[in-house]
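To start, the structure itself, in structure tokens.
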Amino acid sequence: MQTIGLPEPPPAGEHALPAGTFDGTTVFITGAGTGLGKAIATEFARLGANIMIASRKTEHLDAGRDAIAAIGATVDTTPCDIREPEQVAAAFDACEVRFGLPSVLVNNAAANFPVPAEDMSPNAWRTVVDITLNGTYFCAREFARRHLRADTPGSIVNVGASYAWTGGPGFAHSAAAKAGVKNMVETLAVEWGPYGIQVNGLVPGLFPHEDMTADIKGNLERTSDKDSCQPALRVGRLRELGWAATFLASPYARFISGHTLVVDGANWQRRTLTNPPVVTVREQMGKGPFEG
Ligand code: HXC
Ligand code: NAP
């Protein structure tokens with residue numbers, strides 16, 4: 111009996127949905143100039159969607175635009191800090207002028223860095239919660255209010271993290287914020303279902319990518335072997351997340367709402383028969399003693 115791990119998915123470039131599933135529709139996606147957001151936006155674009163990317167930094171917006179344009183799809187970008195409701199409204203205005211009201215919102219943008227909870231400054235806590243939880247709500251609110259006024263249906267996908275359920279040692283701010291995001295999926299799906307708005311969550315497992323922030327990358331590099339530490343014996347492939355996101359927002363998933371889909375090869379359910387020794391977050395991060 112060999113430990114072969116979970117099989118590799120079909121190659122990049124294959125579709126999980128029929129070609130043209132999103133023809134004529136617009137997807138508004140936050141933080142899609144980098145990493146997972148860019149991968150998700152790419153898959154929507156390959157299925158025919160127009161893409162509007164919203165985030166803060168010009169270099170990220172340009173990278174996202176280039177990636178989508180390279181596959182021949184229609185894309186535009188709008189600067190937006192999702193912590194600011196007025197900027198969120200202006201970004202949706204820009205989308206409506208360019209493409210019309212988007213029928214899909216992907217709340218992908220988030221903030222995170224590893225830090226022992228006792229070291230975290232109040233502003234560090236506020237910043238991560240403000241981007242990850244408040245920003246997600248502001249975008250969802252703007253999207254829903256426009257659809258309610260127009261009497262049109264829509265679909266929201268909020269990108270989460272599995273420490274929403276388990277807690278996240280070293281990520282107290284982000285874990286608490288993502289728990290809020292997961293809970294919000296459940297509330298908004300019920301409140302807005304009657305108006306035709308579906309709300310779901312999508313939780314990536316470990317999906318390393320070239321745009322990871324130095325903090326997150328450094329944290330990953332401190333672990334010796336990412337593949338052998340996963341029950342799947344491999345990390346996620348970006349296209350696997352794109353397929354899951356597009357399915358959730360597609361006509362084939364209309365009766366799925368209030369659900370959070372975890373795409374992580376069962377990593378978050380992992381328990382061991384015997385407990386490994388406890389290593390504090392400070393030690394895991396190579397930090398010295400707490401100095402107050
Ligand atoms: C401790 C830190 C810190 C760090 C910032 N701060 N980085 N504290 N360790 N590494 C503190 C600052 O000192 C400051 O507090 C406060 O946080 C705000 O910092 P700013 O730089 O002023 O904030 P801002 O410019 O708004 O930038 C937000 C950011 C930044 C979160 C700090 O990293 C960012 O823009 N991130 C976006 C991309 C991102 O985070 N991606 C990760 C997503 S991955 P003081 O008290 O000094 O004022 C993810 C899941 C990963 O979410 C799962 C891992 C397996
Ligand atoms: P990433 O590359 O760092 O992307 C984060 C994006 O969010 C950036 O493009 C950034 O763009 C945008 N953003 C940050 N703050 C913003 C703000 N205030 N306003 C608007 N946009 C903002 O991270 P990622 O790894 O792709 O993560 C994407 C999502 O997956 C996040 O929700 C994350 O929590 C989740 N996730 C990732 C993993 C993983 O393995 N990578 C695992 C679990 C969950 P600007 O800098 O241009 O604003």
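Each residue of the sequence shown is one higher than the one before, starting from 111 at the first, in my numbering. The C-beta atom is built at its ideal place from N, Cα and C for all residues, glycine as well. The structure displayed is predicted, hence computed values, not measured ones.
{"Item": "Spatial neighbours of residue 224 within its chain, please: C-beta separation below 7 Å, excluding the five flanking residues on both sides.", "Value": "280, 281, 325, 329 and 395"}
{"Item": "Whether or not the segment 177-193 and the segment 377-396 are in contact is what I'm after, with contact meaning three or more pairs of Cβ atoms, one per stretch, closer than 8 Å; do they touch?", "Value": "no"}
{"Item": "On the DSSP letters alone, give me the boundaries of the alpha helix (DSSP H) that residue 294 sits inside.", "Value": "282-302"}
{"Item": "To which residues of the same chain is residue 357 closer than 6 Å at the C-beta, ignoring the five residues directly before and after it?", "Value": "363"}
{"Item": "Can you grab the Cα-Cα spacing for the pair residue 151 / residue 178, in whole Å?", "Value": "8 Å"}
{"Item": "Excluding the five sequence neighbours on either side, which residues of its own chain have a C-beta within less than 7 Å of the C-beta of residue 198, listed in chain order?", "Value": "190, 192, 248, 249 and 252"}
{"Item": "Closer than 6 Å to a non-hydrogen atom of the ligand HXC - does that hold for the CB of residue 223?", "Value": "yes"}
{"Item": "With a threshold of 6 Å, establish whether the CB of residue 323 neighbours any heavy atom of the ligand HXC.", "Value": "yes"}
{"Item": "Rounding to the nearest angstrom, what Cα-Cα distance links residue 360 and residue 352 in this structure?", "Value": "12 Å"}
{"Item": "Based on DSSP bridge pairs, tell me the residues matched to residue 216.", "Value": "139 and 267"}
{"Item": "Can you tell which of 266, 129 and 322 has the C-alpha that lies nearest to the C-alpha of residue 370?", "Value": "266"}
{"Item": "How far does the beta strand (DSSP E) with residue 164 in it extend, from its first residue to its last?", "Value": "160-165"}
{"Item": "At a cut-off of 6 Å, is residue 219 close to the ligand NAP when judged by its beta-carbon and the heavy atoms of the ligand?", "Value": "yes"}
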